[in-house]
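Asks: The sequence shown begins at 1 in UniProt numbering and counts up one residue at a time. All C-beta atoms, glycine included, are put in the ideal place defined by N, C-alpha and C.
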Amino acid sequence: MKRQSILLNNETISYLADDEILEKVVLFVHGFGDNAKRALHLFNIKERNYSLVAIDLPGCGQSTNNNPLSIEYYCEILDLFIKKILPNKKIYLLSHSLGILPAIFVAKNNPNIKHIFGITPLLPLNLDTNKINEIKSYLLPNDPEQFYISQLQLFSDIENGWLLKKETKDLILRTSLEFLKQRKEMFGNIVNQIFHSNIVKEMFDSFFTCNSNLSVVITKNDNYIDYNKAIDVINSYNIKHYELNAYGHAMFYNGSLDINKIIDKHIRKERN
1 MKRQSILLNN ETISYLADDE ILEKVVLFVH GFGDNAKRAL HLFNIKERNY
51 SLVAIDLPGC GQSTNNNPLS IEYYCEILDL FIKKILPNKK IYLLSHSLGI
101 LPAIFVAKNN PNIKHIFGIT PLLPLNLDTN KINEIKSYLL PNDPEQFYIS
151 QLQLFSDIEN GWLLKKETKD LILRTSLEFL KQRKEMFGNI VNQIFHSNIV
201 KEMFDSFFTC NSNLSVVITK NDNYIDYNKA IDVINSYNIK HYELNAYGHA
251 MFYNGSLDIN KIIDKHIRKE RN
């Protein structure tokens, strides 16, 4: 694995990639405010039937943000990235959370994209005001205490023991207000788009007008969504789904082996 970069639309876009890129490539698209390193556990799996690439979207990881951030801008950058870095490859998009939106956007008109795996995906859920405010406080916490709660809510009760340790909690509570302020300034517009516009539903409706090559992995322990409403949306679009209920929203921390099994099985089945 090596880190590389490419200039796209006046942005230096950083990404991780296997040393050798074969015909079949899984491209990881991270979630809200995250980065390519979320896929490190997948990179460490040696027996894979695909090559792996993971992008830092603008404003995340080691990529720049020289233009205002928006869902549309993420879509534009991902589209350019695929055309420049992965031409003529068989591509499988692996998205986490917010990453499903640029994934379904680029997949609409690119025949090289064979399938999308959406892990704990952002879905067009009709949430009440209280739930919206709760999730917004996780995405853009106002203070270190809210930031700690947001980290705790990423994991299931089975997984979160390390976060309950005093030394871990104390470390997170030392997060500076300046850092949290900068996150709000950088990602505030994206949060407003998610909760105060129709963009999420419009993108799903547009994708499913002509496409169906999406499957999702969800969990009953995802505190960043409403599970029952997620099931309703999945059924309404007739999306194939898997459940890995041992994990929370941050499924890549502990569930990468199980995620890899789903990808591996799908690619093998396609080949037969």
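Specify the secondary structure class of S5 as computed by DSSP and reduced to three states.
Replies: The residue given as residue 5 occupies position 5 in the sequence shown. If DSSP states are grouped into helix, strand and coil, S5 belongs with the strands.
Asks: Identify whether S63 lies in helix, strand or coil by the three-state DSSP scheme.
Replies: Sequence index remark: in the sequence shown, residue 63 carries index 63 (1-based). The answer is coil: DSSP assigns S63 none of H, G, I, E or B.
Asks: Report yes if the CB atom of P144 is closer than 8 Å to the CB atom of L173, and no otherwise.
Replies: As a working mapping, residue 144 is identified with position 144 in the sequence shown. As a working mapping, residue 173 is identified with position 173 in the sequence shown. Yes, they are a contact pair.
Asks: Just to check my reading of the structure: P121 and V200 have Cβ atoms closer than 8 Å, yes? What is that Cβ distance to the nearest angstrom?
Replies: Within the sequence shown, the letter at position 121 stands for residue 121. Within the sequence shown, the letter at position 200 stands for residue 200. Their Cβ separation, rounded to whole angstroms, is 10 Å, which puts P121 and V200 out of contact at 8 Å.
Asks: Touch check for the segment 212-227 and the segment 100-116: three-plus C-beta pairs under 8 Å?
Replies: Contact holds: three or more Cβ-Cβ distances are below 8 Å.
Asks: Using alpha carbons as the reference points, say which of Q182, F179, A246 and L164 lies closest to I158.
Replies: Translated into positions along the sequence shown, residue 158 becomes position 158. Ranking the options by Cα distance to I158, first place goes to A246.
Asks: For D222, does the count of other Cβ atoms within 10 angstroms reach 16, so buried, or fall short, so exposed?
Replies: Along the sequence shown, one-based indexing puts residue 222 at 222. Answer is buried; the Cβ neighbour count reaches 16.
Asks: Kindly indicate which three-state DSSP category R243 falls into: helix, strand or coil?
Replies: To locate residue 243, count along the sequence shown from 1; it is residue 243. Note that residue 243 is Glu in the sequence shown, not Arg. In this structure, E243 counts as strand in the three-state DSSP scheme.
Asks: Three or more C-beta pairs under 8 Å: does that hold for the segment 83-95 against the segment 189-203?
Replies: Flag = no, the segment 83-95 and the segment 189-203 do not touch.
Asks: Identify the residues that DSSP records as bridge partners of E11: which are they?
Replies: As a first step, residue 11 is located in the sequence shown; it is residue number 11 there, counting from the start. DSSP output for E11 lists L8 as bridge partner(s).
Asks: What span of residues does the beta strand (DSSP E) with Y92 cover, start to end?
Replies: Your numbering for residue 92 matches position 92 in the sequence shown. Note, Y92: beta strand (DSSP E), K90 to H96.
Asks: Exposed or buried, which one is L101 when buried takes at least 16 other CB atoms within 10 Å?
Replies: Working through the sequence shown from its first residue, we reach residue 101 at position 101. Buried: at least 16 other Cβ atoms inside 10 Å.
Asks: Does the distance from the C-beta atom of F252 to that of H96 stay below 8 Å?
Replies: The count along the sequence shown starts at 1 and reaches residue 252 at position 252. The count along the sequence shown starts at 1 and reaches residue 96 at position 96. Cβ atoms of F252 and H96: closer than 8 Å.
Asks: Which of the three DSSP states, helix, strand or coil, is assigned to residue 275?
Replies: A question about residue 275 goes unanswered here, because the residues of the chain that appear run from 1 up to 272.
Asks: Specify whether the segment 253-266 and the segment 30-49 touch according to this definition: at least 3 beta carbon pairs, one from each stretch, less than 8 Å apart.
Replies: Touching, yes.
Asks: Measuring straight from C-alpha to C-alpha, what distance separates H30 and R38?
Replies: For the purposes of this step, residue 30 is taken as the residue at position 30 of the sequence shown. For the purposes of this step, residue 38 is taken as the residue at position 38 of the sequence shown. Distance between the alpha carbons of H30 and R38 is about 7 Å.
Asks: Under the three-state reduction of DSSP, which class applies to H115: helix, strand or coil?
Replies: Counting from 1 along the sequence shown, the entry for residue 115 is found at position 115. Three-state DSSP puts H115 in a strand.
Asks: By Cβ distance below 6 Å, which residues in the same chain neighbour N112 in space, the five residues on each side in sequence not counted?
Replies: Within the sequence shown, the letter at position 112 stands for residue 112. Excluding positions up to five away in sequence, the list reads I91.
Asks: For the structure I just gave you, are there three or more beta carbon pairs, one from the segment 238-245 and one from the segment 14-25, closer than 8 Å?
Replies: No, because fewer than three Cβ pairs between the segment 238-245 and the segment 14-25 fall closer than 8 Å, the two stretches do not touch.
Asks: Which term fits E11, buried or exposed, when burial requires 16 or more other beta carbons within 10 angstroms of its beta carbon?
Replies: Your numbering for residue 11 matches position 11 in the sequence shown. Buried: at least 16 other Cβ atoms inside 10 Å.
Asks: Expressed to the nearest angstrom, what Euclidean distance is found between the alpha-carbon atoms of H115 and L93?
Replies: If you number the sequence shown from 1, residue 115 lands on position 115. If you number the sequence shown from 1, residue 93 lands on position 93. Distance between the alpha carbons of H115 and L93 is about 6 Å.
Asks: Would you kindly report the start and end of the unbroken alpha helix (DSSP H) that includes S150?
Replies: Position 150 of the sequence shown, counting from 1, holds the residue named residue 150. It spans P144 to L152 - the alpha helix (DSSP H) in which S150 sits, taken as one unbroken run.
Asks: Using 10 angstroms around the beta-carbon of F179, count the other beta-carbons present and answer buried if the total reaches 16, otherwise exposed.
Replies: Against the sequence shown, residue 179 aligns to sequence position 179. F179 comes out exposed.
Asks: Check F204 in the structure and name its three-state DSSP category.
Replies: Position 204 of the sequence shown, counted from the start, is the residue given in the question as residue 204. If DSSP states are grouped into helix, strand and coil, F204 belongs with the helices.
Asks: Is the CB-CB distance between L57 and L42 below 8 Å?
Replies: Here the question's residue 57 lines up with position 57 in the sequence shown. Here the question's residue 42 lines up with position 42 in the sequence shown. Cβ atoms of L57 and L42: not closer than 8 Å.
Asks: According to the neighbour-count rule (16 or more other Cβ atoms, all chains shown, within 10 Å of its Cβ), is L40 buried or exposed?
Replies: Position 40 of the sequence shown, counted from the first residue, corresponds to residue 40. Under this definition L40 is an exposed residue.
Asks: Using a 10 Å radius around the Cβ and a threshold of 16 neighbouring Cβ atoms, would you call T219 buried or exposed?
Replies: Translated into the one-based positions of the sequence shown, residue 219 becomes position 219. Buried, by the Cβ-count rule.
Asks: Report whether the distance from the Cβ of R174 to the nearest heavy atom of the ligand GDP is below 7 Å.
Replies: Only the bare structure without any ligand can be found here, which leaves the ligand GDP out of the picture.
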